[in-house]
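Heads up, the thing below is written out as structure tokens.
Number of protein chains: 2
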Amino acid sequence: MRLKMVLAYVGSAYSGWQIQEKPSPPPTIQGALEAALRIVTGQHIRVFGSGRTDAGVHAHGQVAHCNVPDDRAEQDWRRCLNALLPADIRILSAGPVHESFHARKDALSKTYVYQFWTEQGFTPPALLPFVWSCGSLNVEVMREALPHLAGKQDFASLQNAGTDMESTVRHISSLELQALPPLPYYPTHAPMLALYVTANGFLKQMVRNLAGLLAACGRGRLNAADIPAILAACDRRALPSPTAPAAGLALVNVVY
Amino acid sequence: MRLKMVLAYVGSAYSGWQIQEKPSPPPTIQGALEAALRIVTGQHIRVFGSGRTDAGVHAHGQVAHCNVPDDRAEQDWRRCLNALLPADIRILSAGPVHESFHARKDALSKTYVYQFWTEQGFTPPALLPFVWSCGSLNVEVMREALPHLAGKQDFASLQNAGTDMESTVRHISSLELQALPPLPYYPTHAPMLALYVTANGFLKQMVRNLAGLLAACGRGRLNAADIPAILAACDRRALPSPTAPAAGLALVNVVY
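Here it is, written out as structure tokens:
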């Protein structure tokens with residue numbers, strides 16, 4: 002029986018999604034899931050995610066699939082896995098899905114949010130694991146940059162080295178920047194900027210490079226008019242801004 | 002020179018605000034502050050807070066004062082204390098104040114927020130330290146209860162044992178319940194209820210008992226009409242609901 006799981010995690014304590022086959026493997030989300038499934042079923046069950054998240058990246062809506070024994074059709078997978086998983090990984094839902102379902106290959110689009118904390122000099126401790134404390138940003142300049150980054154384009158300049166992709170063309174169907182009150186502790190002002198990015202797929206650290214580029218615009222180090230040439234170069238070295246930190250990033254939705 | 006500090010902390014790792022004079026004292030917010038001040042000044046400096054927060058209770062806007070050596074008038078206290086404090090305690094501002102200022106005695110009112118997570122069966126791991134996962138609540142019934150709890154009243158029934166107070170009359174000047182989207186991961190729905198309480202003072206665990214009472218109303222175990230008799234008893238034993246967990250509570254503002 003094929004099982005589809007939707008999960009949330011705080012990635013701070015993990016070396017990313019993907020299991021690392023090493024003598025002393027670091028903790029990973031996939032590893033924690035497979036360890037829980039091994040306790041429930043007594044078998045080694047491989048889990049496939051919709052995509053890898055980097056070390057320190059969070060998720061609220063990551064999707065994964067695996068094959069579980071057919072005689073477990075009555076199992077309440079959400080409840081039993083949540084009882085075994087660490088508190089920073091939670092199953093939102095888990096249930097049977099068509100045998101042909103594949104969490105990565107069938108994904109039509111994914112949405113990430115990247116959170117910038119823009120208040121100079123102070124970040125609320127509760128938010129430290131979830132934001133990039135980048136100081137003040139000019140939101141208007143950042144908004145001017147957005148149209149240059151949306152649409153179907155070759156995003157090779159926003160791809161870090163390490164994974165070979167057949168094509169580096171992706172379609173960003175939605176790119177929005179919102180000012181948000183981050184917690185009820187901030188009822189009256191909104192020093193958090195949330196960048197929502199939806200695309201049919203993402204290159205390695207593409208959202209973090211996009212966030213780094215936008216922050217450079219917000220700091221006056223780059224202009225919206227510089228972006229076409231950066232993308233046209235199809236080379237990460239054409240992008241002068243650093244990759245934004247992992248903590249600000251979360252995978253929030255996968256559409257099938 | 003008297004120094005006034007406004008601070009934020011995630012209380013999860015601390016045994017509350019107040020230093021415990023024991024052979025092996027547990028970590029406290031006041032203890033961490035005094036340790037940092039000792040490094041900066043070479044002296045033991047006593048810190049006075051606007052009030053104690055319990056173990057696991059958070060703050061975004063706690064106020065404290067202390068006396069620092071007069072020859073340190075040029076010191077950037079915010080910056081140097083933040084460099085020495087653990088990441089889960091942050092100074093928002095620190096500066097000189099009139100010699101007669103007293104963080105507790107001069108407080109005119111304080112505001113707390115209590116956060117209820119009302120989605121059955123699942124709490125986002127990022128929010129676990131900051132909410133009470135109490136399951137679904139009937140907000141309308143809770144709102145009916147609010148007028149019975151506001152105003153100047155004897156709140157002895159909402160006071161846990163352990164501290165003797167001359168008077169148990171307090172004035173709740175504002176009591177509001179708001180549904181909030183807790184994080185950008187939840188752009189479309191708001192399963193978090195935030196109870197804001199402002200009063201001229203609070204009895205021991207009064208907000209947590211208030212939250213417990215309101216949750217009992219939201220679960221149909223108590224009615225708004227039961228509240229006058231509970232308060233009139235002036236006895237904690239007249240309140241049938243348990244004290245709500247510390248994690249949901251945060252001190253958000255002190256007015257002088």
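In the order they appear, the protein sequences are chains A and B.
Just add 1 to the spot in the first sequence (first one is 1) and you have the numbering used here.
Just add 1 to the spot in the second sequence (first one is 1) and you have the numbering used here.
We put the beta carbon where it would ideally sit given N, CA and C, even for glycine.
TODO: Give, in chain order, every unbroken run of the alpha helix (DSSP H) that is at least 4 residues long and sits entirely within the stretch 222-246 of chain A.
DONE: 228-233
Open item on the list: Using the Cβ count rule (16 or more neighbours within 10 Å means buried), how would you classify S51 (chain B)?
Closed with: buried
Task: Rounded C-alpha distance that separates R237 (chain A) from M166 (chain A) - done: 14 angstroms
Open item on the list: Does the contact criterion of 3 or more C-beta pairs under 8 angstroms hold for the stretch 78-87 of chain A versus the stretch 29-37 of chain A?
Closed with: yes
TODO: Would you kindly work out how many angstroms separate the C-alpha atoms of A195 (chain A) and W133 (chain A), rounded to a whole number?
DONE: 11 angstroms
Task: Beta-bridge pairing of P1 (chain A) - partner residues as DSSP gives them - done: Any question about residue 1 (chain A) goes unanswered here, given that chain A covers just 2 to 257.
Open item on the list: As a quick exercise: from A:A247, A:L252, A:C67 and A:V256, pick the residue whose alpha carbon is nearest that of S13 (chain A).
Closed with: A:A247
- [ ] With DSSP as the reference, label N201 (chain A) as helix, strand or coil.
- [x] coil
TODO: Could you name the residues of the same chain whose beta carbon sits closer than 8 angstroms to that of P70 (chain A), not counting the 5 residues immediately before and after it, in chain order?
DONE: M2, T42 and Q44
Open item on the list: Is there a C-beta anywhere in chain B that falls below 8 angstroms from the one on D89 (chain A)?
Closed with: yes
Task: chain B contacts from the stretch 96-120 of chain A (Cβ-Cβ distance under 7 angstroms) - done: V114 and Q116
Task: For T112 (chain A), the nearest candidate out of A:Q63, A:V98, A:F131 and A:L128 (CA to CA) - done: A:Q63
TODO: Following the continuous alpha helix (DSSP H) through W78 (chain A), name the residue where it begins and the one where it ends.
DONE: W78 to L85
Task: Identity of the residues DSSP links to V255 (chain A) by a beta bridge - done: A:K111
Open item on the list: Whether or not the stretch 82-99 of chain A and the stretch 223-237 of chain A are in contact is what I'm after, with contact meaning three or more pairs of Cβ atoms, one per stretch, closer than 8 angstroms; do they touch?
Closed with: no
TODO: Please classify F131 (chain B): does DSSP put it in a helix, a strand, or coil?
DONE: helix
- [ ] Go through its chain and collect everything with a Cβ distance to G213 (chain B)'s Cβ below 6 angstroms, but skip five positions before and after it.
- [x] S242, P243, T244 and A245
- [ ] For A233 (chain A), decide whether its Cβ has a neighbour in chain B, counting only Cβ atoms nearer than 8 angstroms.
- [x] no
- [ ] Starting from the beta carbon of Y10 (chain A), find every residue of chain B whose beta carbon is closer than 8 angstroms, and list them in chain order.
- [x] P126
TODO: Run the CB neighbour count on L109 (chain B), radius 10 Å, all protein chains shown included, and call it buried at 16 or more, exposed below.
DONE: exposed
TODO: Taking G219 (chain A) as part of the alpha helix (DSSP H), name the residues at either end of that continuous run.
DONE: M207 to G219
Task: Contact list for the stretch 43-66 of chain A against chain B, Cβ threshold 8 angstroms - done: H59, H61 and G62
- [ ] For A104 (chain B), name the three-state secondary structure that DSSP assigns.
- [x] coil
Task: Contacts that R156 (chain B) makes with chain A (C-beta to C-beta distance below 9 angstroms) - done: The question names Arg, but residue 156 (chain B) is Phe in the sequence shown. Within 9 angstroms Cβ-Cβ: nothing; F156 (chain B) doesn't reach chain A, min ~23 angstroms.
Open item on the list: Taking a contact to mean a Cβ-Cβ separation below 8 angstroms, would you say L159 (chain A) touches N210 (chain A) in this structure?
Closed with: yes
Open item on the list: Distance check for V98 (chain B) and A74 (chain B), CA to CA, integer angstroms please.
Closed with: 11 angstroms
TODO: List the whole-angstrom C-beta distance separating I46 (chain A) from I90 (chain A), where the pair is believed to meet the contact cut-off of C-beta under 8 angstroms.
DONE: At roughly 16 angstroms, the Cβ-Cβ gap does not stay under 8 angstroms, so I46 (chain A) and I90 (chain A) are not in contact.
Task: Supposed close pair L150 (chain B), L176 (chain B) - CB separation, criterion 8 angstroms - done: 6 angstroms
Open item on the list: Suppose the cutoff is 6 angstroms on Cβ atoms and the five residues either side in sequence are ignored; what does the same chain contact list for M6 (chain B) look like?
Closed with: A65, I92 and A95
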